[in-house]
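S.K.: I am attaching a structure below and will ask some questions about it afterwards.
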Amino acid sequence: MPWLDDHLRCMRCGTRFPEGTGPSCPECGLVVTEESTLSEMREWSVTRRRGRWRFVWVECVLTFGVPLAVMSAVTTALVRKSTYPLDYVFAVTTWPLMALLTGLARWRGSEREYAAWLANRGRRAIGQRAGG
Ligand SMILES: [Zn+2]
1 MPWLDDHLRC
11 MRCGTRFPEG
21 TGPSCPECGL
31 VVTEESTLSE
41 MREWSVTRRR
51 GRWRFVWVEC
61 VLTFGVPLAV
71 MSAVTTALVR
81 KSTYPLDYVF
91 AVTTWPLMAL
101 LTGLARWRGS
111 EREYAAWLAN
121 RGRRAIGQRA
131 GG
C-alpha cells in the first residue's frame, strides 16, 4: 500500500500532474518548475526532519486520536447513555492507540517510499529532464 503520492501538484490550483507534465499546469497555466509544484515526497522531506515521535504524537495521536476519543466518550455518554466505566475506558483509549499504531506504520512506510524515491529521483524529474 503506497503511503506517499510522488506525483507533482500545482501550487496555485492543486492539480495533480500526470507523468511527464510540462511546461505548464493543464488547469491554470502556471509554469511548471521545482518552485511552483508540491509533492508528498517533498512534504515528507520536511516532516521527517522533525522526527518520528513528533509525527506520531502531533500529526497522528493529537490530530486524529484525541478528537475521536473525545467524540467517542461524548457519544457513549449522550447517545448510548452508558453507566459502565469500562465503556468510557474503551472509548478514550481505542482511538489514540489506533492513531499511534497507524502513525508508526505510516512513518515506516513513508520512510521506505521516500528512500526509494530519492534513489530514483533523476528519472522522474520535471518534464522528464535528467537531474533535479
Ligand atoms: Zn495549476
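Those letters in the sequence shown? Residues 1 to 132, by the numbering used here.
Note that beta-carbon positions come from the ideal geometry of N, C-alpha and C, so glycine has one too.
Remember, it's a predicted structure, so these values are computed and weren't measured experimentally.
Quick check on this structure: which residue in 116, 65 and 9 has the alpha carbon closest to the alpha carbon of residue 29?
M.R.: Ranking 116, 65 and 9 by Cα distance to residue 29 puts 9 first.
S.K.: From this set, 43, 97, 117 and 11, which residue's C-alpha is nearest residue 63's C-alpha?
M.R.: Closest option to residue 63, Cα to Cα, is 97.
S.K.: Taking buried to mean at least 16 other C-beta atoms within 10 Å of its own C-beta, is residue 34 buried or exposed?
M.R.: Exposed is the call here.
S.K.: Using the C-alpha atoms, what's the distance from residue 104 back to residue 54?
M.R.: Going from the Cα of residue 54 to the Cα of residue 104 covers about 11 angstroms.
S.K.: Closest by CA to residue 15, which one among 45, 27, 5 and 23?
M.R.: When only C-alpha atoms are compared, the closest one is 27.
S.K.: Hey, is residue 34 close to ligand 2, as in C-beta under 7 angstroms from one of its heavy atoms?
M.R.: This structure lacks ligand 2; its bound ligands are ligand 1.
S.K.: Buried or exposed for residue 119, please, with buried defined as at least 16 other CB atoms from any protein chain shown within 10 angstroms of its CB.
M.R.: With fewer than 16 Cβ atoms within 10 Å of its Cβ, residue 119 is classed as exposed.
S.K.: Is the beta carbon of residue 36 less than 8 angstroms from the beta carbon of residue 11?
M.R.: Yes, Cβ-Cβ distance for residue 36 and residue 11 is below 8 angstroms.
S.K.: Buried or exposed: residue 132, going by 16 or more other Cβ atoms within 10 Å of its Cβ?
M.R.: For residue 132, the predicted structure reports a pLDDT of 40, less than 50, and the residue's modelled location is therefore unreliable. The matter cannot be settled from this model.
S.K.: Quick check for students: name the residue ranges of the alpha helix (DSSP H) that lie wholly in the segment 55-117, counting only runs of 4 or more.
M.R.: The qualifying runs are 66-78.
S.K.: Exposed or buried, what is residue 110 when buried is set at 16 or more other beta-carbons lying within 10 Å of its beta-carbon?
M.R.: So residue 110 counts as buried.
S.K.: In angstroms with no decimal places, state the Cα-to-Cα distance between residue 3 and residue 71.
M.R.: Each residue's alpha carbon lies about 27 angstroms from the other.
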